[in-house]
Amino acid sequence: MREKLKVTLVYTGIGICGFNTNHADDRERHHIGHGIASVGASAKKAGYDVNLIDLRTLGGWDEFVGRIKRDPADVYGISISQADCKPGAEVIRKIKEALPDSKIIVGGVHPSIFPFAYKGVTVVVGEGEVSFVDLLKLVGSNSPLPAVLKGVKPDLDKIPWVDRDLFDYEKELECLFSNDQPGPTVTVLAGRGCPMKCAYCQPAENMVFGSPYRLRSPQNVIDELRYLYDKYQFKNVLFWDDTFAINKKWIMEFCDLYEAQKFGATISACNRADIICNNEDMIKRMAEIGVNWFVVGLETGSQRLLDFIKKGTTVEQNKEAVRISRKYGIKTYATIMYGLPTETREDSLATCKMIEEANPEYTQVFWFLPIPGTEIYKYCVENDLILDGVSERTIVRTATYIPNLKNIDYDYIWNSLMAPRMAA
60 MREKLKVTLV YTGIGICGFN TNHADDRERH HIGHGIASVG ASAKKAGYDV NLIDLRTLGG
120 WDEFVGRIKR DPADVYGISI SQADCKPGAE VIRKIKEALP DSKIIVGGVH PSIFPFAYKG
180 VTVVVGEGEV SFVDLLKLVG SNSPLPAVLK GVKPDLDKIP WVDRDLFDYE KELECLFSND
240 QPGPTVTVLA GRGCPMKCAY CQPAENMVFG SPYRLRSPQN VIDELRYLYD KYQFKNVLFW
300 DDTFAINKKW IMEFCDLYEA QKFGATISAC NRADIICNNE DMIKRMAEIG VNWFVVGLET
360 GSQRLLDFIK KGTTVEQNKE AVRISRKYGI KTYATIMYGL PTETREDSLA TCKMIEEANP
420 EYTQVFWFLP IPGTEIYKYC VENDLILDGV SERTIVRTAT YIPNLKNIDY DYIWNSLMAP
480 RMAA
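Heads up, the sequence shown is in the working numbering, so the first residue is 60 and it goes up one at a time.
In structure tokens:
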């Protein structure tokens with residue numbers, strides 16, 4: 060039996076924002092990784108010495124290698140998202156070169172979808188809180204580790220809350236969702252997974268979290284918020300759940316509990332157009348407790364494309380959702396995608412027209428990028444739609460104008476639709 064193991068977690072994170080971003084105020088650069096912070100919390104609770112290296116705060120690979128050589132760990136746990144698969148592979152290579160006797164355990168979205176792409180390490184497929192601790196026990200007893208392990212789904216009310224102190228949490232507290240929401244801001248996840256079938260996301264997400272969609276109890280979420288309020292005196296809560304309001308009964312109970320706490324803080328959360336349209340009484344109640352922003356994926360103003368991506372909503376619902384939200388004082392942060400597979404000029408123009416008619420308070424444009432493991436990625440590969448070089452990029456910026464697919468009139472979208480709107 061070994062002495063107490065030292066565990067270092069590595070949050071890759073640079074696939075979107077790159078190295079040396081400690082000075083920036085962009086949300087992507089400072090929000091914590093809830094998944095790896097949850098795994099770290101479980102390992103700490105089990106008695107292990109745990110620290111974390113956030114690559115976003117480093118100047119480059121030389122600094123990373125210097126860190127692990129100066130302060131080596133017995134076990135490295137690496138979280139790898141789809142956007143971070145290349146830097147994740149480089150982390151593995153650097154650790155193997157510098158510390159060949161250390162054990163490496165990887166998890167996250169990309170390894171869960173492509174476990175056999177990672178050689179010479181242990182891959183946890185799915186959720187890691189329980190299984191990572193089990194693997195640490197094997198390391199401690201000098202037992203061999205499996206190449207691939209299916210993660211055990213935890214009871215979300217029984218695992219510890221995410222360990223925000225593994226990150227420089229003051230940076231996240233300073234991140235404002237919008238200028239009309241004062242900080243500090245805390246981010247929270249109320250559940251895992253998503254029951255929807257959007258082709259640009261599924262089945263990849265279900266390969267990580269499985270089904271059914273699971274929620275922590277409203278009381279468990281409130282207890283965490285009370286702990287966070289006493290520690291940080293937050294003024295805004297940002298729920299990162301893909302669709303926070305998917306369960307009306309849960310939301311109504313949460314609203315009553317949240318109101319009773321008298322936090323006096325606003326709430327921002329993701330929602331869907333159809334949910335907003337079909338549950339106006341719930342939207343009214345959410346507004347009463349302080350919800351003042353919804354992030355809503357309107358995606359496109361083309362009904363043909365909405366059906367193609369299996370969004371499950373209509374263009375009319377998109378516009379109506381903005382109206383209903385505004386009626387109760389909730390602003391809409393609308394996200395749309397240009398450059399979807401098969402998109403025509405008419406489709407692009409319809410999206411522009413929908414945004415003009417709905418007039419959400421803020422619109423974030425994304426340029427569609429097919430994500431491996433999704434239904435729409437398979438479609439793009441089968442129809443040879445992906446431009447050369449897309450898969451080789453080391454930085455993934457979907458909010459930046461970068462063409463990704465063949466047969467899309469990007470010049471028309473940018474010059475005829477985007478540029479006039481930006482200049483207005």
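Where a beta carbon is used, it is the ideal one built from N, C-alpha and C, also for glycine.
Could you pull the start and end residues of the beta strand (DSSP E) that residue i belongs to?
i	result
residue 163	162 to 166
residue 484	A query on residue 484 cannot be resolved here, the shown segment of the chain reaching from 60 to 483 and no further.
residue 97	From DSSP, residue 97 is part of no beta strand (DSSP E) but of the alpha helix (DSSP H) over 93 to 104.
residue 244	244 to 247
Excluding the 5 residues preceding and the 5 following residue i in the sequence, name in chain order all residues of the same chain whose CB lies nearer than 6 angstroms to its CB.
i	result
residue 289	none
residue 428	457 and 463
residue 206	none
residue 396	358, 425 and 427
residue 68	95, 99, 111 and 136
Does the beta carbon of residue i come closer than 8 angstroms to any beta carbon on chain D?
i	result
residue 313	This model lacks chain D altogether; it includes just one protein chain.
Considering only the beta carbon of each residue, do residue i and residue j sit closer than 8 angstroms?
i	j	result
residue 145	residue 198	no
residue 529	residue 406	Since the first residue shown for the chain is 60 and the last is 483, residue 529 is missing from the structure and cannot be characterised.
residue 329	residue 282	no
residue 225	residue 304	no
residue 195	residue 64	yes
residue 185	residue 296	no
residue 393	residue 368	no
residue 136	residue 182	no
residue 155	residue 118	no
residue 168	residue 140	yes
residue 280	residue 322	no
residue 284	residue 247	yes
residue 424	residue 391	no
residue 353	residue 324	no
residue 371	residue 477	no
residue 310	residue 351	no
How would you call residue i, buried or exposed, if buried means at least 16 neighbouring beta carbons within 10 angstroms?
i	result
residue 84	Residue confidence for residue 84 is low, a pLDDT of 47 falling below 50, so the modelled location carries little weight; the figure read from the coordinates is stated next. Burial call: exposed.
residue 270	exposed
residue 82	Annotation note: pLDDT 46 at residue 82 (below 50); position unreliable, coordinate value reported separately. It counts as exposed.
residue 243	buried
residue 175	exposed
residue 240	buried
residue 132	buried
residue 318	exposed
residue 129	exposed
residue 201	exposed
residue 106	exposed
residue 108	exposed
residue 14	Because the chain in this structure spans residues 60 to 483, residue 14 falls outside the shown range and cannot be described.
residue 441	exposed
residue 450	exposed
residue 217	exposed
Considering only DSSP beta bridges, list what residue i is partnered with.
i	result
residue 358	395
residue 328	298 and 353
residue 445	464
residue 422	393
residue 484	Summary: the structure shown does not reach residue 484, with the chain confined to residues 60 through 483, and so no result is reported for it.
residue 250	274
residue 134	66 and 162
residue 37	Limits of the chain in this structure are 60 at one end and 483 at the other, which puts residue 37 out of reach.
Leaving aside the five residues before and after residue i along the sequence, list all residues of the same chain whose C-beta is less than 7 angstroms from its C-beta, in chain order.
i	result
residue 361	406, 409 and 410
residue 467	398 and 402
residue 433	258, 259, 260, 261 and 263
residue 126	112
residue 376	332, 333 and 336
residue 387	342, 343 and 346
residue 60	With a pLDDT of only 48 at residue 60, under 50, the local geometry of the prediction cannot be trusted, and the value read off the model is given with reservation. For residue 60, where only same-chain residues beyond five positions count, the Cβ hits under 7 angstroms are 199 and 200.
residue 102	66, 109, 191, 192 and 195
residue 104	219
residue 94	138 and 167
residue 473	460
residue 237	352
Output the boundary residues of the alpha helix (DSSP H) element that contains residue i.
i	result
residue 150	144 to 157
residue 288	277 to 291
residue 185	Unbroken run through residue 185: none, as it is neither H nor E.
residue 124	120 to 129
residue 412	404 to 417
residue 339	339 to 347
residue 315	307 to 320
residue 385	374 to 386
residue 230	228 to 232
residue 264	263 to 268
Kindly list the residues whose CB is nearer than 8 angstroms to the CB of residue i, restricted to its own chain and excluding five residues on each side of it in sequence; keep chain order.
i	result
residue 71	114, 137, 138, 139, 140, 143, 146, 147 and 150
residue 298	246, 247, 248, 249, 326, 327, 328 and 329
residue 382	417
residue 439	400, 429, 445 and 464
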